[in-house]
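For the sequence shown, the working numbering gives the first residue as 21, with consecutive numbering after it. The beta carbon of each residue, even a glycine, is placed where N, CA and C say it ideally should be. Small disclaimer: the values here were computed from a predicted structure and weren't measured.
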Amino acid sequence: MAQLGWIIGISSILLFAIVNLYTSNLLADCYRSPDPVTGKRNCTYMEAVRINLGGKMHMLCAFVQYNSLIGPAIGYTITTAISVVTIRKTNCFHQNGIASSCQFSTNPYMIGLGIVEIFLSQIPHFHKLSWLSILAAATSFGYASIGAGLSLALIIQGIEAGKGKGTSLMGGSKKLSPIDNFWKIFIALGNIALASCYSQIAIDIQGTILPLHFKMIYTDMVVVQPIFSGVETWASQRWPSSSFVNGEYPMSIGKMKLNLNFFRLVWRSMFVVVVTVLAMAMPFFNEILALLGAIGFWPLTVYFPVEMYIVRKKIKKGTTRWFGLKTLSMAFMLLSVAIACAAIHGVNQSLHKYKPFMYKE
Numbered sequence: 021m022a023q024l025g026w027i028i029g030i031s032s033i034l035l036f037a038i039v040n041l042y043t044s045n046l047l048a049d050c051y052r053s054p055d056p057v058t059g060k061r062n063c064t065y066m067e068a069v070r071i072n073l074g075g076k077m078h079m080l081c082a083f084v085q086y087n088s089l090i091g092p093a094i095g096y097t098i099t100t101a102i103s104v105v106t107i108r109k110t111n112c113f114h115q116n117g118i119a120s121s122c123q124f125s126t127n128p129y130m131i132g133l134g135i136v137e138i139f140l141s142q143i144p145h146f147h148k149l150s151w152l153s154i155l156a157a158a159t160s161f162g163y164a165s166i167g168a169g170l171s172l173a174l175i176i177q178g179i180e181a182g183k184g185k186g187t188s189l190m191g192g193s194k195k196l197s198p199i200d201n202f203w204k205i206f207i208a209l210g211n212i213a214l215a216s217c218y219s220q221i222a223i224d225i226q227g228t229i230l231p232l233h234f235k236m237i238y239t240d241m242v243v244v245q246p247i248f249s250g251v252e253t254w255a256s257q258r259w260p261s262s263s264f265v266n267g268e269y270p271m272s273i274g275k276m277k278l279n280l281n282f283f284r285l286v287w288r289s290m291f292v293v294v295v296t297v298l299a300m301a302m303p304f305f306n307e308i309l310a311l312l313g314a315i316g317f318w319p320l321t322v323y324f325p326v327e328m329y330i331v332r333k334k335i336k337k338g339t340t341r342w343f344g345l346k347t348l349s350m351a352f353m354l355l356s357v358a359i360a361c362a363a364i365h366g367v368n369q370s371l372h373k374y375k376p377f378m379y380k381e
């Protein structure tokens with residue numbers, strides 16, 4: 021909002037919300053096949069794509085969707101470390117004054133988080149732990165309340181002191197060049213896009229609410245469960261007689277009983293290590309989030325729902341409705357390309373400014 025300003029910022033949020041709502045309605049029409057009322061349920065997004073658009077589009081959708089899950093795993097690792105560092109910086113400013121240099125590396129916290137995630141990743145059927153939904157709701161309400169409280173406190177302090185920071189209607193920063201402000205605008209739009217790309221789960225939650233998207237450590241583990249499941253299912257089918265892949269070895273830690281699987285142990289641990297290393301190498305919060313928004317929003321929120329709806333409703337090429345849907349898809353494709361370019365430009369600038377693994381917040 022600070023970069024876009026009140027006018028463009030609010031308008032952009034409303035635009036993405038309206039598009040998200042519209043494409044969610046298109047997805048709802050693709051929930052059953054072939055009849056929209058009595059047809060077979062398509063229980064997942066990818067299944068709906070396969071039924072309506074065919075095998076090639078199904079593979080493309082799987083590629084995009086799995087990559088859009090790997091990205092947030094990196095993003096949440098960065099977010100968690102920055103959140104902890106922010107707490108440490110706040111304590112430093114309180115102790116040493118606002119003018120003191122309080123910069124800390126995020127690497128130790130990412131490594132610590134990675135160690136915790138290695139243990140959490142070994143829990144089978146992690147997505148079926150119902151208490152996670154309660155924890156997710158509590159943490160969401162908690163940090164939203166903290167943010168609202170801090171904002172209100174700053175407003176009250178400004179009123180009592182008779183001064184406050186001005187807000188911009190059009191956004192931008194006078195300290196940046198016009199071209200830098202231009203790039204920053206698209207990065208801000210990418211952040212909004214990332215927050216708006218969850219219409220893809222509309223089909224998945226049609227019958228029940230699945231605990232797919234949570235916060236911090238638990239979010240990081242839950243969002244990658246489809247990746248874990250996909251790879252492990254493929255490996256099980258590829259090597260059905262392998263004890264390394266399919267063998268389950270019961271073990272107990274105190275009163276807790278677990279089943280150890282060597283493939284799950286090695287594969288999931290390697291995945292967590294790679295995600296943690298990538299997060300440590302490029303901990304550039306806004307740029308990474310914008311890139312994730314560019315990758316995920318257009319194909320999963322706009323393109324596939326529009327294409328499925330056109331096929332499902334048998335909309336003829338060249339008609340007004342066909343042209344309108346294609347224009348919507350093309351417009352957001354171009355916007356996603358622009359956001360991706362801005363995000364890559366921002367990451368490139370940050371890599372020139374900060375050495376990999378040496379970033380301090």
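Beta-carbon spacing of residue i, residue j below 8 Å
{"i": "L133", "j": "T97", "result": "yes"}
{"i": "R332", "j": "N72", "result": "yes"}
{"i": "D49", "j": "Y323", "result": "no"}
{"i": "I247", "j": "L89", "result": "yes"}
{"i": "A351", "j": "F206", "result": "no"}
{"i": "I308", "j": "I94", "result": "yes"}
{"i": "G169", "j": "A362", "result": "no"}
{"i": "L46", "j": "P260", "result": "no"}
{"i": "T340", "j": "T43", "result": "no"}
{"i": "V86", "j": "G313", "result": "A quick correction: the sequence has Tyr, not Val, at residue 86. Contact flag unset, no."}
{"i": "F291", "j": "F264", "result": "no"}
{"i": "W342", "j": "K334", "result": "no"}
Residues near residue i in its chain [Cβ-Cβ closer than 6 Å; skip 5 each side]
{"i": "P376", "result": "A301"}
{"i": "S216", "result": "F36, N40"}
{"i": "I229", "result": "The predicted position of I229 is uncertain, since its pLDDT is 45 and thus under 50; no value can be drawn from it."}
{"i": "W318", "result": "F352, M353, S356"}
{"i": "K109", "result": "C122"}
{"i": "L371", "result": "none"}
{"i": "H233", "result": "In this prediction, H233 has a pLDDT of 40, which is less than 50 and means its spatial position is unreliable; what the coordinates show is noted afterwards. Result list for H233: empty, nothing under 6 Å."}
Close beta carbons around residue i, own chain, < 7 Å, minus the five adjacent residues each side
{"i": "Q142", "result": "R284, L285, R288"}
{"i": "I365", "result": "Here residue 365 is His; the residue named in the question, Ile, does not match the sequence. Correct list, in chain order: W203."}
{"i": "Q369", "result": "none"}
{"i": "R24", "result": "For the sequence presented, residue 24 should be read as Leu rather than Arg. Around L24: S32, G191, I205, A208."}
{"i": "R70", "result": "H78"}
{"i": "M450", "result": "This structure gives no information on residue 450, because the portion of the chain shown stretches from 21 to 381."}
{"i": "L34", "result": "none"}
{"i": "K277", "result": "P270"}
Residue span of the alpha helix (DSSP H) that contains residue i, given as start and end
{"i": "P246", "result": "245-258"}
{"i": "A389", "result": "No statement about residue 389 is possible, as the shown extent of the chain runs from 21 to 381 and does not include it."}
{"i": "I143", "result": "It is not in any alpha helix (DSSP H) - I143 carries neither H nor E in the DSSP assignment."}
{"i": "P325", "result": "324-333"}
{"i": "G29", "result": "25-48"}
{"i": "W342", "result": "340-373"}
{"i": "S219", "result": "Neither: S219 is in no alpha helix (DSSP H) and is coded neither H nor E."}
{"i": "T296", "result": "282-301"}
{"i": "L73", "result": "65-73"}
Closest Cα partner of residue i within the set the options
{"i": "G316", "options": "T43, V84, P54, S32", "result": "V84"}
{"i": "S121", "options": "Y163, N111, E327", "result": "N111"}
{"i": "V293", "options": "L311, I131, E327", "result": "I131"}
{"i": "G267", "options": "K275, R258, N279", "result": "N279"}
{"i": "I135", "options": "V297, T321, I166", "result": "V297"}
{"i": "P128", "options": "I118, V104, T253", "result": "V104"}
{"i": "G91", "options": "Y163, A299, V367, K336", "result": "A299"}
{"i": "E137", "options": "V295, H372, E327, K346", "result": "V295"}
{"i": "K373", "options": "F304, G344, F343", "result": "F304"}
{"i": "L348", "options": "S53, P270, I30, I38", "result": "I38"}
{"i": "L140", "options": "A310, I154, Q245, I28", "result": "Q245"}
{"i": "E327", "options": "K346, G338, L311, A310", "result": "K346"}
{"i": "L214", "options": "A360, G338, S171", "result": "A360"}
Cross-strand partners of residue i (DSSP beta bridge)
{"i": "S263", "result": "None, per the DSSP bridge assignment."}
{"i": "K277", "result": "S272"}
{"i": "S197", "result": "S197 is not bridged to any residue."}
{"i": "S53", "result": "K60"}
Beta-carbon contacts of residue i that lie in its chain and below 8 Å, excluding the five residues immediately before and after
{"i": "L196", "result": "K204"}
{"i": "G162", "result": "none"}
{"i": "F113", "result": "S120, C122"}
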